[in-house]
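Those letters in the sequence shown? Residues 0 to 525, by numbering that gives the first Met the number 0.
The C-beta atom is built at its ideal place from N, Cα and C for all residues, glycine as well.
Values in this document were obtained by computation on a predicted structure and should not be read as measured data.
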Amino acid sequence: MPEFQINLLGEMSVLRRGEPVSLPASKKTRALLALLVLTGRPHRRDRLCEIFWELPDDPRASLRWSLSKLRAVVDDSDRPRIIADRERIRITPDTCPTDIGRLRAMQDDDNVPIGSLIEAFESLSEGLLLGSELSNQPEFDSWLQAERQKIDEMKAEFAARIGRHPDITPDRALAYAEIHRQLMPFSRAAAAFLIRINRQLGNQETVTRLQQHFTRHFAEAGLDWYNDRESEAKSVQPEPLGERRDIMLEKQLIHFCRSDDGVTIAYAEIGQGPPLVKAANWLSHLELDWNAPIWSPLFRELARHHRFIRYDERGNGLSDWLVPEISLNSFVTDLETVVEATGLTRFPLLGISQGAAVSVEYAVRHPDRVSHLILFGGYPSGWRIAADEQTIREREAVLALTENGWGQENTAYRHIFSATFMPDASVETLAWFDEFQRRTTSPQNAVRFLSAFGDIDVRDSLARIAVPTLVLHSRGDLRIPWTVGRDLAASIPGAQFVLLESNNHLLLEGEPAASQFVQSVRDFLA
């Protein structure tokens with residue numbers, strides 16, 4: 000037991016030499032401590048005031064009062080843990096060990112005994128920051144929901160490790176296999192392992208029932224799944240994009256890096272071969288979309304022959320949600336941060352939707368880094384640029400609807416985007432995308448993203464692109480008309496243009512345009 004520790008699982012507690020310390024009575028003050036500790040980076044005072052306090056109160060005075068209460072709890076006379084200046088406040092992670100930090104260290108240790116894994120799993124089952132919700136502070140609650148989702152994903156990983164541990168019997172492994180499957184409903188590996196454990200236990204009726212259920216469950220989501228009788232890698236139906244190898248069951252490696260302004264960015268890589276980097280776009284979540292009915296087939300196909308690298312941009316997914324800036328410039332610097340973290344020197348760059356503008360700007364800033372540029376469904380300028388008054392009024396109305404309705408159970412607000420992204424999608428796929436968007440970012444950040452997209456303008460950069468460029472666009476795209484893609488290609492020296500026969504801004508598995516997209520990219524890179 001360290002001399003000082005903050006426990007965030009269950010109800011938050013602070014321990015000194017193993018003994019609990021009395022916490023401030025104010026829920027907002029305790030929530031502030033949790034946010035500073037979990038994020039581990041500096042926060043601007045004005046952003047913290049926006050998150051926790053509102054007018055007509057005096058937010059800055061409330062923040063100062065909360066900090067004074069927290070210093071009495073966490074600071075030592077010779078070692079202040081809360082570092083603050085006139086602009087920013089932070090608690091450095093190395094001064095505040097946490098129970099979650101200890102469990103994260105165990106994730107990277109392959110030699111953890113079964114007893115310790117079970118203890119970690121039970122700790123995670125207590126939940127994160129119980130009773131810490133702030134009903135009148137929706138931005139904090141959105142952040143808390145995202146952090147709890149990360150805990151569920153960690154819990155699923157520990158359940159899988161316990162179930163597969165050589166020191167556990169099949170009857171005990173079954174319970175953990177079922178929990179892993181519940182927490183990761185679109186994981187083929189979780190489904191296959193649950194069937195294998197039941198087969199080892201002789202539960203043939205259960206095996207048959209599960210096989211039927213998984214076939215139907217994954218098919219409704221537009222996915223296939225794998226039978227584990229021999230290798231957990233046998234497909235139960237033909238692959239629309241050609242034969243796939245065991246990349247389908249490889250585990251992507253998720254890493255974290257930190258931008259110059261202190262924002263933590265999550266990035267993932269999978270596959271072997273020459274690199275291929277994908278710039279982030281609306282919206283993403285490295286774990287949820289890896290098993291998604293929309294992107295997953297395309298991502299996995301690209302990973303067959305490449306070291307495929309993608310990331311969650313700031314404000315959504317596994318990256319920090321509470322960020323000081325969301326803009327084109329921050330999108331580009333996040334891409335720069337990820338590239339530096341991977342150690343790549345030269346690579347092809349893929350940009351989809353607004354990620355195309357991010358990729359254009361990166362290629363102009365770093366012409367020595369980008370070998371090929373691939374842009375799909377892209378646009379060089381946002382909706383505020385050269386728009387008429389009617390268009391601006393319509394877009395501003397959508398921003399207001401988004402802020403008020405994004406986090407609600409009613410999907411009508413999010414469905415505004417889903418239906419225009421993929422007009423040909425099934426009802427099940429649209430429902431999945433509606434829910435995916437809700438879980439991927441907060442209402443406040445959704446508005447910030449949409450507003451930032453409106454300010455994008457890389458028109459002056461197009462003529463300066465000096466690398467081979469491929470531009471692809473769907474003919475019936477309802478979000479971005481195909482003529483925008485055509486004009487984008489015409490403005491880039493020597494760019495190729497491929498028009499895909501699709502109505503979808505995001506390509507669906509099984510439609511011919513998806514295969515055409517993959518083949519065009521392969522031919523271009525070859």
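Out of Leu287, Arg309, Leu524, Ser283, point me to the one whose CA is closest to Gly270's CA. For this step, residue 270 is matched to residue 271 along the sequence shown. Closest option to Gly270, Cα to Cα, is Arg309.
Assess contact between the segment 30–46 and the segment 79–96, defined as three or more Cβ pairs (one per stretch) separated by less than 8 angstroms. Is contact present? yes
Across which residues does DSSP place Asn503 in a beta bridge pair? For this step, residue 503 is matched to residue 504 along the sequence shown. In the DSSP output, where bridge partners are listed per residue, Asn503 has none listed.
Would you report the Cα separation of Leu349 and Gly376, rounded to the nearest angstrom? As a position in the sequence shown, residue 349 is number 350, starting the count at 1. As a position in the sequence shown, residue 376 is number 377, starting the count at 1. In a straight line, the C-alpha of Leu349 is about 11 angstroms away from that of Gly376.
According to DSSP, is Gly162 helix, strand or coil? Here residue 162 refers to the residue found at position 163 when the sequence shown is read from its first residue. Of the three classes helix, strand and coil, the one that applies to Gly162 here is helix, per DSSP.
Between Gly39 and the rest of its own chain, which residues show a CB-CB distance below 6 angstroms, the 5 nearest in sequence each way excluded? The sequence position of residue 39 within the sequence shown is 40, counting from 1. Contacts found: Pro92.
Examine the Cβ distances between the segment 280–299 and the segment 320–328 and report whether three or more of them are shorter than 8 angstroms. no
Could you give the distance in angstroms between the alpha-carbon of Ala525 and the alpha-carbon of Glu286? Sequence index remark: in the sequence shown, residue 525 carries index 526 (1-based). Sequence index remark: in the sequence shown, residue 286 carries index 287 (1-based). Ala525 and Glu286: Cα-Cα distance of roughly 30 angstroms.
So, is Gly272 buried or exposed, given that buried needs 16 or more other C-beta atoms within 10 angstroms? For the purposes of this step, residue 272 is taken as the residue at position 273 of the sequence shown. It counts as exposed.
Own chain residues within Cβ distance below 6 angstroms of Asp522, not counting five before or after: Looking up residue 522 in the sequence shown gives position 523. Cβ within range, chain order: n/a, list empty.
Identify every residue that forms a DSSP beta bridge with Leu469. Within the sequence shown, the letter at position 470 stands for residue 469. Its beta-bridge partners are Ile373, Gln495.
Quick check: the segment 386–393 against the segment 502–516, are there 3 or more CB pairs under 8 angstroms? no
Is Ile82 buried or exposed, if buried means 16 or more other CB atoms sit within 10 Å of its CB? Numbered from 1 along the sequence shown, position 83 holds the residue referred to as residue 82. Ile82 should be labelled exposed.
Beta-carbon separation of Gly484 and Val470 under 8 angstroms? Translated into the one-based positions of the sequence shown, residue 484 becomes position 485. Translated into the one-based positions of the sequence shown, residue 470 becomes position 471. Yes, the Cβ-Cβ distance between Gly484 and Val470 is below 8 angstroms.
Flag this pair as touching only if the segment 103–119 and the segment 5–25 have three or more C-beta atom pairs under 8 angstroms; answer yes or no. no
Are the segment 111–129 and the segment 158–174 in contact at 8 angstroms, needing three or more beta carbon pairs? yes
Quick one: Cα of Leu398 to Cα of Thr440, how far? Start at 1 with the first residue of the sequence shown, and residue 398 comes out as number 399. Start at 1 with the first residue of the sequence shown, and residue 440 comes out as number 441. For Leu398 and Thr440, the distance between alpha carbons rounds to 15 angstroms.
Quick one: complete alpha helix (DSSP H) runs, 4+ long, within the segment 270–304? 295–301
Suppose you measure from the CA of Thr344 to the CA of Arg368; what does that come to, to the nearest Å? Position 345 of the sequence shown, counted from the first residue, corresponds to residue 344. Position 369 of the sequence shown, counted from the first residue, corresponds to residue 368. About 6 angstroms.
Backbone CA spacing between Phe330 and Arg313 [nearest angstrom]: The residue labelled residue 330 in the question sits at position 331 within the sequence shown. The residue labelled residue 313 in the question sits at position 314 within the sequence shown. Near 8 angstroms, if we compare the C-alpha coordinates of Arg313 and Phe330.
Drop a sphere of 10 angstroms on the beta-carbon of Thr207, count the other beta-carbons inside from all chains shown, and report buried for 16 or more, exposed for fewer. For the purposes of this step, residue 207 is taken as residue 208 along the sequence shown, with counting starting at 1. Label assigned to Thr207: exposed.
Cα-Cα, which of Tyr266, Leu47, Asp259, Ser186 is closest to Thr332? The residue labelled residue 332 in the question sits at position 333 within the sequence shown. It is Asp259 whose Cα lies nearest to the Cα of Thr332.
If we count the other Cβ atoms within 10 Å of its Cβ and call it buried at 16 or more, is Arg303 buried or exposed? Along the sequence shown, one-based indexing puts residue 303 at 304. When all chains shown are included, Arg303 counts as buried.
Which value, in whole angstroms, describes the spacing of the CA atoms of Trp281 and Ser352? Looking up residue 281 in the sequence shown gives position 282. Looking up residue 352 in the sequence shown gives position 353. About 8 angstroms.
Phe217 in three-state terms, based on DSSP: Working through the sequence shown from its first residue, we reach residue 217 at position 218. Helix.
List the whole-angstrom C-beta distance separating Ala189 from Arg198, where the pair is believed to meet the contact cut-off of C-beta under 8 angstroms. Numbered from 1 along the sequence shown, position 190 holds the residue referred to as residue 189. Numbered from 1 along the sequence shown, position 199 holds the residue referred to as residue 198. Contact flag wrong, Cβ pair sits at about 15 angstroms.
Which same chain residues end up closer than 6 angstroms to Asp288 when comparing Cβ atoms and leaving out the 5 residues on each side of it in sequence? The residue you call residue 288 lines up with position 289 of the sequence shown. So the list reads Trp294, once near-sequence residues are dropped.
On the three-state DSSP scale, how would you describe Ser134? Numbered from its first residue, the sequence shown carries residue 134 at position 135. Here Ser134 sits in coil by DSSP.
From Gln4 to Ser12, what distance separates their C-alpha atoms? For the purposes of this step, residue 4 is taken as the residue at position 5 of the sequence shown. For the purposes of this step, residue 12 is taken as the residue at position 13 of the sequence shown. Looking at the two C-alpha atoms, the distance is approximately 8 angstroms.
Alpha-carbon spacing of Asp166 relative to Leu173, whole angstroms: Within the sequence shown, numbered from 1, the residue matching residue 166 stands at position 167. Within the sequence shown, numbered from 1, the residue matching residue 173 stands at position 174. Looking at the two C-alpha atoms, the distance is approximately 14 angstroms.
Looking at Leu209 and Val196, is the spacing between their C-beta atoms short of 8 angstroms? As a first step, residue 196 must be located in the sequence shown, where it is residue number 197. As a first step, residue 209 must be located in the sequence shown, where it is residue number 210. Position check: residue 196 holds Ile in this sequence, whereas Val was assumed. No; because the gap between Cβ atoms is not below 8 angstroms, this pair is not in contact.
In angstroms, rounded to a whole number, what distance separates the CA positions of Leu374 and Val359? Here residue 374 is taken as the residue at index 375 of the sequence shown, counted from 1. Here residue 359 is taken as the residue at index 360 of the sequence shown, counted from 1. Each residue's Cα considered, the two are about 9 angstroms apart.
Buried versus exposed call for Val73 [16 or more other C-beta atoms within 10 Å across all chains shown]: In the sequence shown, the residue the question calls residue 73 occupies position 74. So Val73 ends up on the buried side.
On the criterion of 16 or more Cβ atoms from any shown chain inside 10 Å, does Thr168 qualify as buried, or is it exposed? The residue labelled residue 168 in the question sits at position 169 within the sequence shown. It is exposed - the Cβ of Thr168 has fewer than 16 other Cβ atoms within 10 Å.
In chain order, what residues of the same chain have a beta carbon less than 7 angstroms from the beta carbon of Arg228, not counting five sequence neighbours either side? Mapped onto the sequence shown, residue 228 falls at position 229. Model confidence at Arg228 stands at a pLDDT of 39, short of 50, so the residue's coordinates are unreliable and nothing is read from them.
Anyone know if the C-beta pair for Ser380 and Ile479 falls short of 8 angstroms? Within the sequence shown, residue 380 is the residue found at index 381, counting from 1. Within the sequence shown, residue 479 is the residue found at index 480, counting from 1. Cβ distance not < 8 angstroms, so Ser380 and Ile479 don't count as in contact.
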